[in-house]
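Numbering (my numbering), first residue to last: 500 to 764.
Shown next, in structure tokens, is the structure this report addresses.
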Ligand SMILES: NC(=O)c1ccc[n+]([C@@H]2O[C@H](COP(=O)([O-])OP(=O)(O)OC[C@H]3O[C@@H](n4cnc5c(N)ncnc54)[C@H](O)[C@@H]3O)[C@@H](O)[C@H]2O)c1
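This is the structure:
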């Protein structure tokens with residue numbers, strides 16, 4: 500029997516793909532393996548190199564640059580994608596946290612400037628609004644869509660110090676996911692969020708790696724372990740799920756005990 504991929508023949512837009520050791524690249528790889536044609540968007544020109552690597556593996560891929568905080572640039576990128584493929588069936592809103600090549604801003608709330616707050620909300624929440632706002636009318640028109648928003652456990656479930664804007668934005672992503680899910684439910688469009696915990700991406704810091712070692716599963720996740728969950732939510736296997744947050748954190752947020760595990764279990 501011929502095996503079809505979970506997203507066979509679908510056109511999938513994935514944002515935030517500029518590094519091979521990232522959640523975005525792993526997601527693009529999983530969706531390509533499952534039969535999707537890809538459109539990748541990032542603010543960094545490196546998106547074109549990532550597309551080339553996936554093409555070398557046999558995937559159909561277009562790549563586009565845009566600052567997703569700027570609505571006019573999002574409209575232009577989506578127009579390019581529609582010229583390539585004529586439609587977008589799957590949207591993975593993954594871009595956020597940091598711009599390629601820049602450092603994340605860690606500042607205690609009492610020292611946070613208005614500009615830093617605005618930027619934290621813009622890069623993590625407005626980007627997802629902008630892209631979704633441009634893509635969702637076409638999905639409604641065709642009566643089909645799968646939207647997966649990359650949130651985090653940080654914000655919707657727990658918090659870290661010096662990241663109030665990130666926490667607020669990622670909690671906002673969950674609120675937007677739920678609100679949008681209701682607005683589009685009758686049009687064949689589902690909207691879900693994933694909440695990654697400690698993930699061993701290229702940008703993981705040493706302290707975060709130790710955080711991963713103290714999860715119940717005893718390690719950080721590989722980016723592919725988030726990507727496969729995104730791939731499921733992007734497929735028809737998840738046809739009766741909408742408005743949900745799926746936490747992918749090795750059980751970290753269900754542990755009550757936060758001390759060194761050798762002193763307890
Ligand atoms: N790495 C983790 O441990 C972790 C945990 C929880 C959630 N997340 C979330 O997963 C997603 C991917 O994270 P990652 O670790 O793979 O990081 P990453 O730095 O590889 O990915 C983020 C990408 O988004 C792009 N980007 C940022 N702002 C943009 C903008 N305005 N316009 C266009 N592109 C923009 C960057 O250039 C970068 O390529 C992020 O939304 C992040 O918040 C990551």
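Where is the CB? At the ideal position from N, CA and C, for every residue including glycine.
In the DSSP secondary-structure assignment, residue 692 is bridged to 648 and 744. Taken in chain order, the whole beta strand (DSSP E) runs of length 3 or more contained in the region 570 to 611 are 589 to 592. For residue 750, the closest of 665, 683, 656 and 692 by C-alpha to C-alpha distance is 656.
Ranked by how close their Cα comes to the Cα of residue 627, the residues 560, 707 and 565 have 565 in first place.
CA-CA distance, residue 520 to residue 593, rounds to 14 Å. Of 542, 543 and 551, the smallest CA-CA separation from residue 528 is found for 551. Here residue 549 has 516 and 524 as same chain residues with Cβ atoms under 6 Å from its own Cβ, once five neighbours each way along the sequence are excluded. Annotation for residue 615: the continuous alpha helix (DSSP H) segment containing it runs 613 to 620. Contact annotation: residue 698 and residue 591 have beta-carbon atoms that are not nearer than 8 Å. Following the DSSP letters along the chain, one finds residue 561 in no alpha helix (DSSP H) but inside the beta strand (DSSP E) bounded by residues 560 to 564.
Excluding the 5 residues flanking it on each side, residue 691 has same chain C-beta neighbours closer than 8 Å at 646, 647, 648, 676, 680, 732, 737, 740, 741, 742, 743, 744 and 745, in chain order.
For the options 580, 569 and 555, the alpha carbon positioned closest to that of residue 563 is the one of 580. In chain order, 652 and 696 place their CB closer than 6 Å to the CB of residue 748, counting only its own chain and leaving out the 5 sequence neighbours on each side. In the DSSP assignment, residue 537 falls within the unbroken beta strand (DSSP E) covering 536 to 541. The straight-line gap separating the alpha-carbon atoms of residue 661 and residue 613 is approximately 14 Å.
When secondary structure is reduced to three states using DSSP, residue 516 falls in the coil class, being assigned neither helix nor strand. Contact check for residue 533 and residue 505: beta-carbon distance about 4 Å, within the 8 Å limit, so the pair qualifies.
Residue 544 has its alpha-carbon roughly 23 Å from the corresponding atom of residue 589. A distance below 8 Å between beta-carbons, with the five flanking residues on each side excluded, links residue 666 to the following residues of its chain, in chain order: 653, 654, 658 and 659. For residue 655, there is no enclosing alpha helix (DSSP H), since its DSSP letter is neither H nor E. The C-alpha of residue 635 lies about 11 Å from the C-alpha of residue 682. Residue 759 and residue 712 have their C-alpha atoms some 10 Å from each other. Of the candidates 606, 538, 623 and 601, 538 places its Cα closest to the Cα of residue 583.
Look at residue 704 here: in three-state DSSP terms it is coil, with no helix or strand label.
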